[in-house]
Amino acid sequence: MCGLTGKPVNHRLNGFTLIELLVVVAIIAVLVGLLIPAVQKVRDAANRMSCQNNLKQIGLALHNHHDSLGYLPAQGDYRQAGGTVYWSLFTRILPYVEQENLQKLIDFSRPISQQPEVAKKKIKLLVCPSEINDRERPDTPTFTHYPLSYGANNGTWQVMQPPAGVGDGVFMVNGYTRLTDILDGTSNTLGVAEVKTFTPYFREGANPAVGGITPPQNPTQLEPYWTASEFKTDSGHTEWVDARVHQTGFTTTFTPNRVVPHHRDGRAWDVDFNSNREGRSAILPTYAAVTSRSYHGGGVNVLLMDGSARLIRDQISLATWRAMGTRAGLDILQPVD
């Protein structure tokens, strides 16, 4: 068809056809699908680095405490007030992490239960940026705790034998460790490792010492101790002020992120175990399987006692992991990837 000028008229409109539009949408969807994992990977890497920086600051604080007082802070002291005063080592290093004013609020001669203004305080340094449960835990209508993402090295399995400390980790109960006591070398020895907040755990079970003090080799060997235990569904590692191992510690009984399964009420739980909470008995020992866990894929961040921080892979051998957890086992370690 010709117009008035005698030239052909082009009736095609400028724009996208439906097919072209669908192609563009499909391309955008593919690009977004590629971009999201990349962004997530960058975010995870940044969180892992930030977590390691937290650990390095904790390590610096521990060393400054040692330089000032001549020893590392104790994991807890249960010899006062009938074992009801058990402030964590993290409360002892507050002045070295720019929290001196908070420590001034603490009366270390009185129980935690009498000082709610301290227990509810969030210490940002103690929470990993990847932690998905970064929130308060109400204990009573008038008392709130704040969780933490890091636990101190309480050794392999036996944490305490009243009245002495006994544990083979870096941080002792009812006693102090000096850097010169770490005979395995500070670069080979775990100081602090990641843990997950709101961890379910068993407590006050059968006494493992009855069957010998050899650490279990796999989680199924813990099950006999659970029979008469009290099960707590979500309160492990929720009290940064509490020195007891299920709150501010870990043990190397099992390798990082090893699932310790328990099935109850139609649910599968990944649990910790504390045979007898520290301070409850003047004679009964405490054994604990409190596993280091994290939300970083493939491993956990740890602080070594030389002040360095690194990622330890889940595939580390149990023997090597346990050797890293002792302060004076005199083990010869293989290189850790």
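Residues in the sequence shown are numbered consecutively from 1170, following my numbering. The beta carbon of each residue, even a glycine, is placed where N, CA and C say it ideally should be. Predicted model, so just to flag it, every value in this text is computed and none were measured.
query	result
For residue 1326, the three-state DSSP class (helix, strand or coil)	coil
For residue 1393, three-class secondary structure by DSSP	helix
Cβ shell of residue 1385 (< 6 angstroms), same chain only, five flanking positions each side left out	1391
Reference residue 1280; option with closest CA among 1257, 1331 and 1481	1257
Contact the stretch 1343-1357 vs the stretch 1457-1472: 3+ CB pairs below 8 angstroms	no
Span separating the alpha-carbon of residue 1202 from that of residue 1443	45 angstroms
Straight-line Cα distance separating residue 1421 from residue 1325	5 angstroms
Distance, residue 1198 Cα to residue 1487 Cα	44 angstroms
Neighbour-count burial assignment, residue 1227, 16 or more Cβ in a 10 Å radius	buried
Rounded C-alpha distance that separates residue 1492 from residue 1356	12 angstroms
Three-state secondary structure (DSSP) of residue 1468	strand
The stretch 1389-1403 contacting the stretch 1366-1374, beta-carbon criterion three pairs below 8 angstroms	yes
Inter-residue spacing [alpha-carbon to alpha-carbon] between residue 1439 and residue 1462	10 angstroms
Neighbour-count burial assignment, residue 1232, 16 or more Cβ in a 10 Å radius	buried
N-terminal and C-terminal residue of the beta strand (DSSP E) that residue 1401 is part of	1399-1405
Residue 1447 and residue 1314 closer than 8 angstroms at C-beta	no
Residue 1289 versus residue 1305 - alpha carbon distance	7 angstroms
Residue 1217 at chain D interface by Cβ criterion, 8 angstroms	In summary, chain D is missing from the structure at hand, where a single protein chain is found.
Secondary structure of residue 1193, DSSP reduced to three states	helix
Touching by the beta-carbon criterion (3+ pairs, under 8 angstroms), the stretch 1424-1434 and the stretch 1330-1341	no
Distance between residue 1339 and residue 1329 (C-alpha atoms, nearest Å)	13 angstroms
Residue range of the unbroken beta strand (DSSP E) whose run includes residue 1478	1478-1482
Residue 1479 versus residue 1194: straight-line alpha-carbon distance, rounded	43 angstroms
Backbone CA spacing between residue 1412 and residue 1437 [nearest angstrom]	28 angstroms
Which of helix, strand or coil DSSP assigns to residue 1246	coil
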